[in-house]
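This report concerns only the one structure given below.
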Amino acid sequence: MTPRDTKPSCIISGRMRPEKAHVIPQSHDKWYTDNAMCDYSQGAKSVSNSDDNVCRLRVDLHKIFDDRAFAFVPKLDEEGHQHTVVHFFSTTSDYGDAALKYHNRKAHSLNSVAPQFLFARFALTVFACIKDFILRGERRRIAVVRRGIDSSGSPAWITQEVQMDRAQRHSQYGGGESRASSPSKRSRPQSESQQGDGQESVEEFEYASEDPENNDNDGYYTCTIKKTAY
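Count the sequence shown with our numbering and you get residues 18 to 247, in order.
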């Protein structure tokens with residue numbers, strides 16, 4: 018709700034009597050804790066207790082959201098103004114009508130949701146989509162991103178291309194909640210490097226939010242997803 022709202026409504030359709038939907042799913046409570054997401058949620062210690070992790074959706078849209086068919090993405094309109102809109106990643110028969118109607122529709126009353134949570138949900142949705150892409154084929158070349166130290170001794174994301182056969186990819190990314198389908202743990206500059214998710218490229222998305230570990234990005238997180246067939 019916004020201060021102007023007298024009653025809660027779906028942030029996409031505007032319909033009344035919406036359900037509360039968690040941006041970071043309750044099943045990812047451990048990830049929330051491990052990555053200190055409470056820093057962005059007034060100290061809330063769990064996904065369920067965070068008011069900054071809740072939006073309101075119509076019942077059917079809530080189910081589609083839980084199925085990771087869409088996420089909330091910042092885009093520019095024709096006048097160059099940025100808005101948070103609905104972006105559908107799946108247009109299967111189950112979601113086709115909703116995608117046709119709501120894709121690129123501006124979401125309202127999202128000011129109460131932490132942008133870091135929107136970014137995490139976007140990543141979760143994308144990783145679920147690229148999992149099948151990564152597992153497809155006999156042998157693939159995959160760009161693996163790890164948190165490490167660059168030549169100047171500063172924390173950096175380091176990308177390395179690796180060749181993997183089908184068995185190696187299934188072992189690394191084939192699990193139900195594998196690195197390929199869930200956000201990986203956020204690493205601190207002094208911590209051991211963590212392997213990121215296989216990503217190979219199409220678009221960059223930015224969320225207006227200060228990065229606590231890198232202030233050189235003008236207040237935006239940037240996520241690049243790469244897809245290249247071989």
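Note that CB positions come from ideal geometry on N, CA and C, so glycine has one too.
Would you decide whether residue i is buried or exposed? Buried here means 16 or more other CB atoms lie within 10 Å of its CB.
{"i": "HIS39", "result": "buried"}
{"i": "SER65", "result": "exposed"}
{"i": "MET54", "result": "buried"}
{"i": "THR142", "result": "buried"}
{"i": "VAL179", "result": "exposed"}
{"i": "LEU135", "result": "buried"}
{"i": "TRP48", "result": "buried"}
{"i": "VAL219", "result": "Low per-residue confidence applies at VAL219: pLDDT is 34, beneath 50, and the placement is therefore not dependable, though the value from the model is reported in the following sentence. Exposed is the call here."}
{"i": "ILE166", "result": "exposed"}
{"i": "SER26", "result": "buried"}
{"i": "ALA116", "result": "buried"}
{"i": "LEU78", "result": "buried"}
{"i": "ARG157", "result": "buried"}
{"i": "SER168", "result": "exposed"}
{"i": "GLN99", "result": "exposed"}
{"i": "GLN189", "result": "buried"}
Looking at the structure shown, is residue i part of a helix, part of a strand, or coil, going by DSSP?
{"i": "SER30", "result": "coil"}
{"i": "LEU127", "result": "coil"}
{"i": "PHE106", "result": "coil"}
{"i": "HIS45", "result": "helix"}
{"i": "ALA38", "result": "strand"}
{"i": "ALA53", "result": "coil"}
{"i": "HIS100", "result": "strand"}
{"i": "ARG157", "result": "strand"}
{"i": "ARG163", "result": "strand"}
{"i": "CYS240", "result": "A caution first: CYS240 carries a pLDDT of 41, below 50, which makes its placement in the model too unreliable to give a value."}
So, residue i versus residue j, is the Cβ gap smaller than 9 Å?
{"i": "PHE87", "j": "SER67", "result": "no"}
{"i": "ASP51", "j": "SER63", "result": "no"}
{"i": "VAL90", "j": "VAL71", "result": "no"}
{"i": "ARG85", "j": "PRO35", "result": "no"}
{"i": "ARG186", "j": "ILE147", "result": "no"}
{"i": "SER129", "j": "ASP56", "result": "no"}
{"i": "HIS120", "j": "PHE139", "result": "no"}
{"i": "THR109", "j": "LYS123", "result": "no"}
{"i": "ARG163", "j": "GLN177", "result": "yes"}
{"i": "ILE41", "j": "ALA137", "result": "yes"}
{"i": "ALA173", "j": "SER58", "result": "no"}
{"i": "GLY191", "j": "LEU127", "result": "no"}
Where do the N-terminal and C-terminal ends of the alpha helix (DSSP H) with residue i fall, by residue?
{"i": "PRO132", "result": "132-152"}
{"i": "LYS118", "result": "113-119"}
Does the ligand MG have even one heavy atom less than 8 Å from the beta-carbon of residue i?
{"i": "ILE159", "result": "For the structure depicted, the ligand MG is absent and the ligand set is empty, with no information on it obtainable."}
Using a beta-carbon distance below 9 Å, is residue i in contact with chain D?
{"i": "GLY97", "result": "Chain labels in this structure do not include chain D; a single protein chain is all it has."}
Give, in chain order, every unbroken run of the alpha helix (DSSP H) that is at least 4 residues long and sits entirely within the region 165-190. 183-190
At which residue ranges does the region 58-95 contain complete beta strand (DSSP E) runs of 3 or more residues, listed in the order of the chain? 71-74, 87-93
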